[in-house]
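Student: Residue numbers for the sequence shown, in my numbering: -13 to 738.
Even for Gly, the Cβ is constructed at its ideal location relative to N, Cα and C.
One structure coming up, written as structure tokens, with questions to follow.
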Amino acid sequence: MNLTLHLIRTDIRRFRWSLGLFWGALAAGLLLEWLLPPSAPRQTALTLLFLAEVLLALWLVVLVVLGDALTGSTAAWMTRPIGRRSLLAAKTLWMVGFLLAPYVVAAVLRFVAAGFGWSTAVKAGLEALLFGGAFLWCVAALAACVRTTFGFLAAAGAVFGAAALVGAVLGWIRFRSSEPGPVTLETSAVLVAWAWLWVCALGAWIVRVMLPPRTPGVGLFGAGVLGALLLGFFWPVDFLAPRAGSGARLNIEVIDDASAAASSGPGQQLLWGGFRVSGLATNEVLVASGLEATLEAGARGVGRWEHHELWPRTPTESGQKGAAMALIRRWFPTNTLWFGAWEFRDGPSWLHLPKDPEWFAAYAREPAPGRFSGKVRGVRWRLHAAAPIRLQPQSFTLRQGVRLSLRQVTVRPDRLRLDWLVEFPVLVSDAAGRSLADDMVGRLQFVLHHEPSAEAHGVSSSFTLRPWPSAGPPSLGSQRFSIEFPYSELRARLTGVSTEDWLREARLWVFEFTPLETVTLDFQRTNYVLRLYPENAGSASAEADELEVIRQLRLPEQPTEADLEAYLRVLLRHAPDRLTQSNRDLMQEKLEAIGPAGVPVLLRLMPIRERVFHYFVRDVLRRLLREEHKPALLDALARAPELVTVVRARGWEKDAIPVAVEMIRSRRGAVLPEIVRIAAMAKQPETHPDLAWHFIHNRTGHEFMLPALEACPGFDVASVVREAWRRARIGLASPRGLVLPAARLGLPGALQ
């Protein structure tokens, strides 16, 4: 023991100046982070100090290890009273006590002083121990295998070059054989690789000191380097991913569109406007990542849907700017609400239909109740929020580990620009840190709220943070970014609130998401009617085969009604879905062959696929229709609302009023805006509730319906515009046709 302490004191005296410089670099880094605000010069100084720490630590380890030779043949070396065990203990304790321990303590103090709390600081200390220890033992083991400093530099260069070459080959193999995994899998591989290198390098250092032959130590060190590279590229277990939860406390139910527009209760969330999730904590939200659904609609067959990576949309992206504050207030503190503009019409790329192409179009025209079941996969996130702040330069803590500084507020005639600085811990093992370091887009939300006017604007951060090196020692990261909010001079003139007053009274809310667990929720509902869209129906056979059938189709010389019906059924069944000039010419030629006598037969076959009607049938009908066909057309209108365009072209709207009034009474689904306009021509007070319902629930065409509703005596236009605008602001309708009437009423968000 005395000999070990003697060796430690000797090394302290020999290397006291270099050791003092190393400690001084650690202290200088701490003082810079404590005393100076984040800035580019400070970051440059910290980077230079970190490089100085690395070089000084490397220099000291090499000097300490080579200061007492492990092998020799001189009389002095053969007779020295220093055993290998004492030498190992002295050198190891010196490196741990004077190099590794101060580095770990400095890392802990750095995070505590930055206000990140002891839990984050302990993680930083453990990572400093992992990365710093691996570096220390690698240098010590390599230095123990050589006799001179020049030999160490040559060996270090050879090891680094070989590792870079092998890493390039392994990386090429890895990315050729499979797609890159999630960031949590990459992080897990990094931790395992560094831990393996830490253990092997320490073992190589011990073996090299205790055993005279070099081969065991060199072999163990080589196994550590090669194994770390293999583990870094091919480690299969993702132990840092959000834990898979059972979702036992969560429940999902299918709801109707009208219910989706209503407010949810505490702990509830609306998903896609068609599902309600309950059981969430007041600061939690479910972000869906996949959907599998089946609709069994009796004799119509079974429709299946499957989609992955369904991302929620921010209030700005889904037209919810004006309602952003309402969403946030449901997040905190009473309940949770997240609206997205997703619906069942993303296209045939993910919509798998039955083999019969008529099924989808038939169901879309006449939806039938069925059993709707499936599962939703997603991630439960926790939402962190900062108290509302004034629009002036200041700093605040979003949560333990994230600090935001509002550096500058710039007011322009058409926008408001906020310049930010975010500080965060760069820790490999920290889930929240990974979410920041990997990708902040969509995870940091800003909502600017002006309470007197009930106006709010939601904006996502538009920057990505990828600290370099992403798999290095713990550090404090920072990033500058800017966000912009719309606030025009036109709004100031129309609302009567000056820009200065608006900005003085407005408050900014900041929210950030961190993942908790992945969940899978099963849903089921019977007697459910799902609204689908016929334009997504595909063709079951190749278009070339379909066109050949049409070319070979012929009518008899004097066709009977049965001949006309058979002819039209084949023609419509094989009609192409693509609109080209050759397709149009061929279809119109075959359709015009039926003549005016075939119009009643064609109308009896309505409805047909929507694309076929709009591409080919509509124009032919306009040319072939005669006055005697009016009753048949109006009778078909009740079954095929798309015929309203033909009714308008012929000027028969007044004759269609009774049919339109009857159509709006059913409320099975929002009818076409043209139908609503014709029904409003009746000017019957008893139709006002039905007209209001269809105006509110239509997704588009409000600009066509509104003049007809305004012409109805006693109709409350203002109330229906308010309700339709509310739905548009939460993504359930297009705001385009409602902007002007909403602006005339002074509704918030209409002038953005």
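Rounded C-beta distance between D676 and R653? I'm assuming under 8 angstroms.
Tutor: Taking the first residue of the sequence shown as position 1, residue 676 is located at position 690. Taking the first residue of the sequence shown as position 1, residue 653 is located at position 667. Confirmed, about 7 angstroms.
Student: Spatial neighbours of P699 within its chain, please: C-beta separation below 7 angstroms, excluding the five flanking residues on both sides.
Tutor: The residue you call residue 699 lines up with position 713 of the sequence shown. Around P699: K669.
Student: Can you tell me whether E575 is buried or exposed? The criterion is at least 16 other CB atoms within 10 Å of its CB, across all chains shown.
Tutor: Numbered from 1 along the sequence shown, position 589 holds the residue referred to as residue 575. Exposed is the call here.
Student: For A130 and R194, I'd like the C-alpha separation in whole angstroms.
Tutor: Mapped onto the sequence shown, residue 130 falls at position 144. Mapped onto the sequence shown, residue 194 falls at position 208. The straight-line gap from Cα to Cα measures roughly 7 angstroms.
Student: Using a 10 Å radius around the Cβ and a threshold of 16 neighbouring Cβ atoms, would you call I241 buried or exposed?
Tutor: Taking the first residue of the sequence shown as position 1, residue 241 is located at position 255. When all chains shown are included, I241 counts as buried.
Student: Under a three-way DSSP split, which group does P298 fall into?
Tutor: By 1-based counting over the sequence shown, the position of residue 298 is 312. Note that P298 scores 41 on pLDDT, short of 50, meaning its location in the model is unreliable; the coordinates nonetheless yield the value given after this. Here P298 sits in coil by DSSP.
Student: Hey, which unbroken runs of the alpha helix (DSSP H) at 4 residues or more fall wholly within the region 111 to 170?
Tutor: Listed in chain order, they are 135 to 163.
Student: Might you give, ordered along the chain, the residues of its own chain that have their beta carbon closer than 6 angstroms to the beta carbon of L(-7), omitting 5 neighbours on each side?
Tutor: Mapped onto the sequence shown, residue -7 falls at position 7. A76, listed in sequence order.
Student: For G360 versus L236, is the C-beta spacing smaller than 8 angstroms?
Tutor: To locate residue 360, count along the sequence shown from 1; it is residue 374. To locate residue 236, count along the sequence shown from 1; it is residue 250. Not closer than 8 angstroms, so no.
Student: Look up G356 in the DSSP assignment and say whether it is helix, strand or coil.
Tutor: Start at 1 with the first residue of the sequence shown, and residue 356 comes out as number 370. Note: G356 maps to strand in three-state DSSP.
Student: Rounded to whole angstroms, what is the Cα-Cα separation between G111 and V98?
Tutor: Numbered from its first residue, the sequence shown carries residue 111 at position 125. Numbered from its first residue, the sequence shown carries residue 98 at position 112. Straight-line Cα distance between these residues: approximately 11 angstroms.
Student: Starting from A744 and walking both ways along the alpha helix (DSSP H), at which residues does that stretch end?
Tutor: Past the edges of the chain, shown from -13 to 738, lies residue 744, and the structure says nothing about it.
Student: Can you tell me whether V211 is buried or exposed? The criterion is at least 16 other CB atoms within 10 Å of its CB, across all chains shown.
Tutor: By 1-based counting over the sequence shown, the position of residue 211 is 225. Buried is the call here.
Student: Could you check what DSSP says for P699 in three-state terms: helix, strand or coil?
Tutor: If you number the sequence shown from 1, residue 699 lands on position 713. Of the three classes helix, strand and coil, the one that applies to P699 here is coil, per DSSP.
Student: Considering only the alpha carbon of each residue, which of R376, D400 and L46 lies closest to R393?
Tutor: What you label residue 393 is simply residue 407 of the sequence shown in a count that begins at 1. The shortest Cα separation from R393 among R376, D400 and L46 belongs to R376.
Student: Tell me whether L502 sits in a helix, a strand or coil according to DSSP, three-state version.
Tutor: Here residue 502 refers to the residue found at position 516 when the sequence shown is read from its first residue. Looking at L502 - three-state DSSP - the assignment turns out to be strand.
Student: What three-state label does DSSP hand V362 in the structure shown?
Tutor: For the purposes of this step, residue 362 is taken as the residue at position 376 of the sequence shown. In the structure shown, V362 sits in a strand (DSSP, three-state: E or B).
Student: From L658 to T280, what does the alpha carbon distance come to, in whole angstroms?
Tutor: Position 672 of the sequence shown, counting from 1, holds the residue named residue 658. Position 294 of the sequence shown, counting from 1, holds the residue named residue 280. Whole-angstrom Cα-Cα distance: 27 angstroms.
Student: Work out the CA separation of R28 and L79 for me, nearest whole Å.
Tutor: Counting from one through the sequence shown, the residue named residue 79 turns up at place 93. Counting from one through the sequence shown, the residue named residue 28 turns up at place 42. Rounded to whole angstroms, L79 to R28 spans 34 angstroms at the Cα level.
Student: Helix, strand or coil for R262, going by three-state DSSP, please let me know.
Tutor: Your numbering for residue 262 matches position 276 in the sequence shown. Strand at R262.
Student: Cα separation between A179 and G15?
Tutor: In the sequence shown, counting from the first residue as 1, residue 179 sits at position 193. In the sequence shown, counting from the first residue as 1, residue 15 sits at position 29. Between A179 and G15, the C-alpha separation is close to 28 angstroms.
Student: Just tell me which of S720, M649, M667 and I664 has its CA closest to the CA of I682.
Tutor: Reading the sequence shown from its first residue, position 696 is the one you call residue 682. Minimum Cα distance to I682 is reached at S720.
Student: Straight-line CA distance for A26 to D54?
Tutor: Against the sequence shown, residue 26 aligns to sequence position 40. Against the sequence shown, residue 54 aligns to sequence position 68. Going by the C-alpha atoms only, they are around 43 angstroms apart.
Student: Kindly examine the ligand SAH and report whether one of its heavy atoms sits closer than 7 angstroms to the Cβ of L620.
Tutor: With respect to the ligand SAH, the structure offers nothing, as it holds no ligand at all.
Student: Could you tell me if W3 is buried or exposed, where buried requires 16 or more neighbouring beta carbons within 10 angstroms of its beta carbon?
Tutor: Translated into the one-based positions of the sequence shown, residue 3 becomes position 17. It is exposed - the Cβ of W3 has fewer than 16 other Cβ atoms within 10 Å.
Student: By alpha-carbon positions, which one of P399, H600, P627 and R597 ends up nearest to V662?
Tutor: Residue mapping note: residue 662 aligns to position 676 of the sequence shown, counting from 1. For V662, the nearest C-alpha among the options comes from P627.
Student: Which partner residues of G511 appear in the DSSP bridge assignment?
Tutor: As a position in the sequence shown, residue 511 is number 525, starting the count at 1. It should be noted that the sequence gives Arg, not Gly, for residue 511. DSSP, once it has assigned bridges, lists F358 as partnering R511.
Student: My output table needs one value for V580: the three-state DSSP class, helix, strand or coil.
Tutor: The residue you call residue 580 lines up with position 594 of the sequence shown. Looking at the sequence itself, residue 580 is Ile, so the reference to Val does not match. Three-state result, I580: coil.
Student: Excluding sequence positions up to five away, which residues of its chain have a Cβ less than 7 angstroms from the Cβ of L629?
Tutor: Within the sequence shown, numbered from 1, the residue matching residue 629 stands at position 643. Cβ neighbours of L629 beyond the five flanking positions: M592, L619, A622 and L623.
Student: Between the C-alpha atoms of L407 and K109, what's the straight-line distance to the nearest angstrom?
Tutor: As a working mapping, residue 407 is identified with position 421 in the sequence shown. As a working mapping, residue 109 is identified with position 123 in the sequence shown. In a straight line, the C-alpha of L407 is about 24 angstroms away from that of K109.
Student: If I measure Cβ to Cβ from G213 and keep anything under 6 angstroms in the same chain, skipping five residues before and after, which residues do I get?
Tutor: Within the sequence shown, residue 213 is the residue found at index 227, counting from 1. Cβ within range, chain order: W182.
Student: Only counting the same chain, and skipping five residues up and downstream in sequence, which positions put a Cβ closer than 7 angstroms to that of A127?
Tutor: Counting from one through the sequence shown, the residue named residue 127 turns up at place 141. If we look at A127 and ignore the five residues flanking it on each side, its Cβ neighbours are A187, A190, W191, R194, G203 and F207.
Student: Counting along the chain, where does the beta strand (DSSP E) carrying W221 start and finish?
Tutor: One-based indexing of the sequence shown puts residue 221 at position 235. Careful: W221 lies outside any beta strand (DSSP E) and carries neither H nor E.
Student: Report the option in L95, W9 and L42 whose CA atom is closest to the CA atom of E19.
Tutor: The count along the sequence shown starts at 1 and reaches residue 19 at position 33. Cα-wise, what sits closest to E19 is L95.
Student: Quick one: residues in its chain with C-beta nearer than 6 angstroms to the C-beta of L565, no 5 flanking neighbours on either side, listed in chain order?
Tutor: The residue labelled residue 565 in the question sits at position 579 within the sequence shown. Hits under 6 angstroms: Y601.
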